[in-house]
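Asks: Got a structure here, written out as structure tokens. Questions coming.
In structure tokens:
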């Protein structure tokens, strides 16, 4: 991480980089980035797992909202994730299983978070003809 002035930092891993901004003007805040890391980790797992189940995916979208304490350190108390899955040859039980496997076994971000954070997951499956 390298300070870029103000509350902005540029970070990189190998050749990939991102900007974190405490003012959220030119980049995501660290807390927004944490939420995106969780949603992204689970979405990647879901795509991978459903692919192994021979589902034909057309789209996967993840939305996440967080609630934080009002006092410092303003940690998350609740995270709500919603996944929208579209494709063919998919069943609700497969989507539920993919989410469960991500949550219980594969998503390292999920397992890195404080277990005291309330986490809720919903999904919507749209089957293409």
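Residue numbers (my numbering): 9 to 137.
Where is the CB? At the ideal position from N, CA and C, for every residue including glycine.
Going by DSSP in three states, residue 110 sits in which element: helix, strand or coil?
Replies: Correct three-state label for residue 110: helix.
Asks: Provide the residue(s) that pair with residue 21 in DSSP beta bridges, ordered along the chain.
Replies: In DSSP, residue 21 forms a bridge with 24.
Asks: Thinking C-alpha only, which one of 29, 24, 46 and 100 is nearest residue 122?
Replies: When each option's Cα is compared against that of residue 122, the closest is 46.
Asks: Kindly provide the ranges of any beta strand (DSSP E) runs that are 3 or more residues long and lie completely inside the segment 41 to 128, ordered along the chain.
Replies: Within the segment 41 to 128, the complete beta strand (DSSP E) runs of at least 3 residues are 64 to 76 and 84 to 96.
Asks: Over the uninterrupted beta strand (DSSP E) stretch that includes residue 13, give me the two end residues.
Replies: Note, residue 13: beta strand (DSSP E), 10 to 13.
Asks: Inspect the beta-carbon positions of residue 79 and residue 85 and report whether they are closer than 8 Å.
Replies: Contact flag unset, no.
Asks: Just the C-alpha distance for residue 139 and residue 72, rounded to the nearest angstrom, thanks.
Replies: Since the first and last residues shown for the chain are 9 and 137, residue 139 lies out of range.
Asks: Report the CB separation of residue 61 from residue 118 in whole angstroms; it is logged as a contact under 8 Å.
Replies: No, residue 61 and residue 118 are not in contact; Cβ-Cβ is about 20 Å, not under 8 Å.
Asks: Let's test the definition: count the other Cβ atoms within 10 Å of the Cβ of residue 21 and tell me whether it reaches 16, buried, or not, exposed.
Replies: Its Cβ having fewer than 16 others within 10 Å, residue 21 is exposed.
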